[in-house]
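Structure first, then comments.
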C-alpha cells in the first residue's frame with residue numbers, strides 16, 4: 183500500500199519564477215493538505231483540498247494556489263517566487279468522516295530552494 | 806504569534822530512562838492535540854493524540870498528559886530507546902478544523 187508520494191524531491195528556482203509541486207495521496211484517501219516548513223520551524227498550514235475545492239486556507243498570499251484532480255492527487259503552485267519561499271513543502275492526505283480526527287499522513291516533502 | 810510553543814529545541818537522554826517533551830499553547834479554542842515524530846528525509850508520522858476532554862492518553866511506551874488550566878501538554882517516553890531519536894512536533898487543532906498548528910519541534914537524542 184503506497185503512502186503519500188511527492189515530486190520532485192528537490193527543486194532549485196530563481197526569484198520571480200513559478201513552481202509546481204505534486205502530491206499523490208495515500209490509497210483510499212480523498213483529502214489533501216499542504217504545509218510549508220521553513221528551516222528550524224514547524225510545518226505551517228497552507229491550504230486543504232477536498233472534492234476538488236479549496237476548503238480551508240492558512241495565512242499565505244494568493245501567490246500560493248492549488249488544485250485537486252478527480253483521482254484526488256493535488257498540485258501546489260507558487261508564483262513570483264521569493265527567497266523566503268525556500269522551504270520543505272509537505273503534503274498530507276486523509277479520509278473525511280473518520281470521527282473526532284481524520285488522521286493526516288505526511289509525504290516526505292519537496293525541498294524548494296529559491297536563489 | 807506562536808500559538809503552540811516547544812521551548813526546548815533539544816533533549817538528550819540515556820537509553821532506558823524517561824524522555825519528557827513539553828509543549829505549551831495559547832489558544833483556548835484548541836480541542837485536540839497530537840504528537841508527530843520526524844526522521845530526517847521523511848515526513849512527520851503520527852505518534853499519539855489526546856482530546857481536550859481527557860487528561861491522559863497512553864499507547865505502549867508513549868503517554869501524553871494534558872493540563873488544560875495551564876495550557877500545557879507533555880509527552881513521556883518510557884523507556885527511551887535509541888530508535889526514538891528524532892524531532893518531535895507538538896500540534897493542535899481548533900474544533901471542526903483539520904488545520905494543524907505545529908510547534909517548532911524538539912530534537913530528541915537517546916544515547917545508548
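Protein chains in written order, with the numbering used here: chain A, 183 to 297; chain B, 806 to 917. Note that CB positions come from ideal geometry on N, CA and C, so glycine has one too. Quantities reported herein were computed from a predicted structural model and do not represent experimental measurements.
Scan the stretch 858-910 of chain B and note each continuous beta strand (DSSP E) run of 3 residues or more that stays entirely inside, going in chain order. 861-864, 867-872, 877-882 and 891-899
With DSSP as the reference, identify every bridge partner of residue 823 of chain B, one or two as the case may be. None, per the DSSP bridge assignment.
Euclidean distance between Cα positions of residue 252 of chain A and residue 184 of chain A: 18 Å
Proximity winner among B/877, B/911 and B/900, relative to residue 891 of chain B (alpha-carbon distances): B/911
Quick one, which of B/808, B/813 and B/821 has its alpha-carbon nearest residue 917 of chain B's? B/821
Residue 850 of chain B burial status per 10 Å Cβ neighbour count (16 or more: buried): exposed
Given residue 814 of chain B, which residues of its chain have a CB within under 7 Å of its CB, disregarding the five upstream and five downstream residues? 911 and 912
Cβ-Cβ separation, residue 230 of chain A to residue 202 of chain A (assumed contact under 8 Å), whole Å: So it is not a contact: roughly 18 Å between Cβ atoms.
Quick check: what's the CA-CA separation for residue 887 of chain B versus residue 843 of chain B? 14 Å
Residue-chain proximity (residue 216 of chain A, chain B), Cβ-Cβ < 7 Å: no
Contact set between residue 296 of chain A and chain B, taken where Cβ atoms lie within less than 7 Å: Correct list: empty, because the minimum Cβ distance to chain B is about 20 Å.
Considering only C-alpha positions, which residue in the set A/240, A/207 and A/246 is nearest to residue 267 of chain A? A/246
Boundaries (first-last residue) of the beta strand (DSSP E) holding residue 214 of chain A: 213-219
Which stretch, first to last residue, makes up the beta strand (DSSP E) that contains residue 837 of chain B? 835-843
Would the beta-carbon of residue 198 of chain A fall within 7 Å of that of residue 262 of chain A? yes
Measure the alpha-carbon distance for residue 207 of chain A versus residue 846 of chain B and round it to whole angstroms. 18 Å
Give the straight-line distance between the Cα atoms of residue 275 of chain A and residue 857 of chain B, rounded to the nearest whole angstrom. 24 Å
Status (buried if at least 16 other CB within 10 Å, exposed otherwise) for residue 875 of chain B: exposed
Taking a contact to mean a Cβ-Cβ separation below 7 Å, would you say residue 855 of chain B touches residue 871 of chain B in this structure? yes
Please compile the residues from chain B whose C-beta is within a distance smaller than 9 Å of the C-beta of residue 223 of chain A. 907, 909 and 910
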